[in-house]
Amino acid sequence: MGLIKVHDKTFEIYLSEDTIQKRVQELAAAINTDYAGKRPMFIAILNGSFMFASDLFKHLTIEAELCFIKLASYKGLKSSGNVVTSIGLEDDIFNKEIVIVEDIVDTGKTLHNFLPKLEHQQPKSLRIATLLHKSEATEFPLKLDYIGFDIPNKFVVGYGLDYDGLGRNLKEIYQLV
Ligand code: 5GP
305 MGLIKVHDKT FEIYLSEDTI QKRVQELAAA INTDYAGKRP MFIAILNGSF
355 MFASDLFKHL TIEAELCFIK LASYKGLKSS GNVVTSIGLE DDIFNKEIVI
405 VEDIVDTGKT LHNFLPKLEH QQPKSLRIAT LLHKSEATEF PLKLDYIGFD
455 IPNKFVVGYG LDYDGLGRNL KEIYQLV
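Numbering (the numbering used here), first residue to last: 305 to 481.
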């Protein structure tokens, strides 16, 4: 029960749709409080964060901007960690309140490599919202301001996250068996 197959691998349910949705609403509520009277700009990192960013954004009651950018590729079951470049950040972020939206922080390498590029543009503030955090896998410590779930160091798919291109459409999050 609760088992699915993506490509050659079997995954079991780990976070239900309801559990995810409730937590996303809690994160949005915290952001609404923290950014009351401000106008933050959310920078969501593609591809994995599209679903989280969309649900989170729906529950914001503050004025907010949203843009999507693409960083690095992630193939197979292990993080490649090589951030090539960012595509799609045409907006000027100088003096803006920035919230990065990530699907998952694993080793931390991706954001560790990317943050200096944003900081270089001197935003007014810079915070990170990640749906998932594999704290056991940390190699590059980051200050994560909003964390949905701290999860074990196992590969997950669903709710935007893929395994070799598949599984992003799942409403739940599944863990490799
Ligand atoms: P980091 O640079 O923090 O090691 O890895 C961050 C990126 O690796 C995430 O944005 C995501 O694309 C990918 N990643 C890390 N762990 C997983 C996982 O369990 N499942 C999936 N689908 N992607 C992962």
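The beta-carbon is built from N, C-alpha and C at its ideal position, and this holds for glycine as well. A quick note: this is a predicted structure, and the numbers were derived from the prediction, not measured.
If contact is defined by three or more beta carbon pairs under 8 Å, each pair taking one atom from either stretch, is the stretch 428-438 in contact with the stretch 451-463? With the cut-off at 8 Å, the stretch 451-463 and the stretch 428-438 touch.
Any idea if L307 is buried or exposed, counting beta-carbon neighbours within 10 angstroms, 16 or more meaning buried? exposed
CA-CA distance, S429 and V403? 8 Å
By a C-beta neighbour count over all protein chains shown, 10 Å radius and 16 as the cutoff for buried, is P420 buried or exposed? exposed
P445 burial status per 10 Å Cβ neighbour count (16 or more: buried): exposed
Hey, is T323's beta-carbon within less than 9 Å of any beta-carbon in chain D? Of the protein chains in this structure there is only one, and it is not chain D.
Counting only runs of 4+ residues fully inside the stretch 359-440, write out the alpha helix (DSSP H) ranges in chain order. 413-423
With 16 other CB atoms within 10 Å as the buried threshold, where does Y463 fall? buried
With C-beta atoms as the reference, is L480 less than 9 Å away from F315? yes
Per DSSP, the bridge partner or partners of F346: L370, V403
In or out: T365 buried (at least 16 other Cβ within 10 Å) or exposed? exposed
Expressed to the nearest angstrom, what Euclidean distance is found between the alpha-carbon atoms of K379 and G469? Caution applies to K379, whose pLDDT of 49 falls short of 50 and renders its modelled position unreliable; the model cannot decide the point.
My understanding is that L422 touches T434, with C-beta atoms under 8 Å, so please give their C-beta distance in whole angstroms. The pair is not a contact, with the Cβ atoms about 15 Å apart (cut-off 8 Å).
beta-carbon G412 near the ligand 5GP non-hydrogen atom, thresh 8 Å: yes
Of the listed residues I408, D410, F418, nearest to L393 (C-alpha basis): F418
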